[in-house]
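**Q** Attaching a single structure in structure tokens format; questions to follow.
In my numbering, the protein residues as written are 1143 to 1373.
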């Protein structure tokens, strides 16, 4: 079975893109399923169910979504195999733009949209910089000049990735994205596999439930902003 990890900022069009790509996979005789990772709630699973696409939801609650992902991805792979899928796709929201739910030797995809701003590629960390494929959405809403500048800045952030413009509404570009998905390597097990980059790290008192504000309440991995004139 092929495994694809897909991430991107909220509202970048990830679900719409996946629905279109999976549609073309089915036309090619491939059976795909989705694991939808989110924090508090999601309704995207209903969209997959309406299309007859096998879907499983994982909500991290008060845990870091990336940590929740990596501690559950092995079970997700087993779920996909039990459903005899050809392709299993994990969809995760990159809520802080620092997220890095990418695994070595597993196809990694980042979805970002032109409406997020021309400086967005410089603000995204491993989620963009370590992706194998970057899908650009909502390009029909901006000018040609803005599309070219945005693509250039994506290339600057990640010169090695395939960059594919795609319209989640019309499906334009879905065949190219599908072909790249189907080139993903086969995965039988993730035991012993490694992440491409370390997870966001913050083991502090607030991670453990602290609600008070003040120096006395702050323990563990704490980073302070530098302010001029501070002692």
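Idealized CB from N, CA, C, for every residue including glycine.
Since the model is a prediction, treat every value here as computed from it, not as a measurement.
Thinking C-beta only, is residue 1364 closer than 8 Å to residue 1144?
**A** Reading the chain shown from its first residue, position 2 is the one you call residue 1144. Reading the chain shown from its first residue, position 222 is the one you call residue 1364. Against a cut-off of 8 Å, the Cβ pair of residue 1364 and residue 1144 comes out as no contact.
**Q** If you run the structure through DSSP and keep just helix, strand and coil, what is residue 1264?
**A** Here the question's residue 1264 lines up with position 122 in the chain shown. The answer is helix: DSSP assigns residue 1264 an H, G or I state.
**Q** Going by DSSP, what residue range makes up the alpha helix (DSSP H) through residue 1155?
**A** For the purposes of this step, residue 1155 is taken as residue 13 along the chain shown, with counting starting at 1. Note, residue 1155: premise wrong, no alpha helix (DSSP H); not H, not E.
**Q** Which stretch, first to last residue, makes up the alpha helix (DSSP H) that contains residue 1215?
**A** For the purposes of this step, residue 1215 is identified with residue 73 of the chain shown, where counting begins at 1. Residues 1207–1224.
**Q** Got a sec? Which residues, its chain only, sit under 7 Å from residue 1361 by beta carbon, not counting five neighbours each side?
**A** For the purposes of this step, residue 1361 is taken as residue 219 along the chain shown, with counting starting at 1. Result list for residue 1361: 1346 and 1347, in chain order.
**Q** DSSP on residue 1185, reduced to helix/strand/coil?
**A** Within the chain shown, the letter at position 43 stands for residue 1185. Correct three-state label for residue 1185: coil.
**Q** Please report how far the alpha carbon of residue 1192 lies from the alpha carbon of residue 1168, in whole angstroms.
**A** On the chain shown, residue 1192 is found 50 positions in, with the first residue counted as 1. On the chain shown, residue 1168 is found 26 positions in, with the first residue counted as 1. C-alpha separation (whole angstroms): 15 Å.
**Q** Report buried or exposed for residue 1358, applying the criterion of at least 16 other Cβ atoms within 10 angstroms of its Cβ.
**A** As a first step, residue 1358 is located in the chain shown; it is residue number 216 there, counting from the start. So residue 1358 ends up on the exposed side.
**Q** Between the Cα of residue 1232 and those of 1282, 1341, 1190 and 1259, spot the shortest distance and give me the residue it belongs to.
**A** Residue numbering aside, residue 1232 sits at position 90 when the chain shown is read from its first letter. When each option's Cα is compared against that of residue 1232, the closest is 1190.
**Q** In the DSSP assignment, what are the bridge partners of residue 1279?
**A** As a working mapping, residue 1279 is identified with position 137 in the chain shown. According to DSSP, which records beta bridges pairwise, residue 1279 is partnered with 1255.
**Q** Terminal residues of the continuous beta strand (DSSP E) containing residue 1147?
**A** As a first step, residue 1147 must be located in the chain shown, where it is residue number 5. It spans 1144–1150 - the beta strand (DSSP E) in which residue 1147 sits, taken as one unbroken run.
**Q** Name the one or two DSSP bridge partners that residue 1176 has.
**A** Residue 1176 sits at position 34 when you count from the first residue of the chain shown. The partner list for residue 1176 (beta bridge, DSSP) reads 1197 and 1231.
**Q** Expressed to the nearest angstrom, what Euclidean distance is found between the alpha-carbon atoms of residue 1161 and residue 1175?
**A** In the chain shown, residue 1161 corresponds to position 19, counting from 1. In the chain shown, residue 1175 corresponds to position 33, counting from 1. Roughly 10 Å separates the two Cα atoms.
**Q** Measuring CA to CA, which of 1285, 1298, 1282 and 1245 is closest to residue 1261?
**A** Here residue 1261 refers to the residue found at position 119 of the chain shown. When each option's Cα is compared against that of residue 1261, the closest is 1298.
**Q** State buried or exposed for residue 1185, treating a residue as buried only when at least 16 other CB atoms are found within 10 Å of its CB.
**A** Within the chain shown, numbered from 1, the residue matching residue 1185 stands at position 43. The residue is exposed, with fewer than 16 neighbouring Cβ atoms inside 10 Å.
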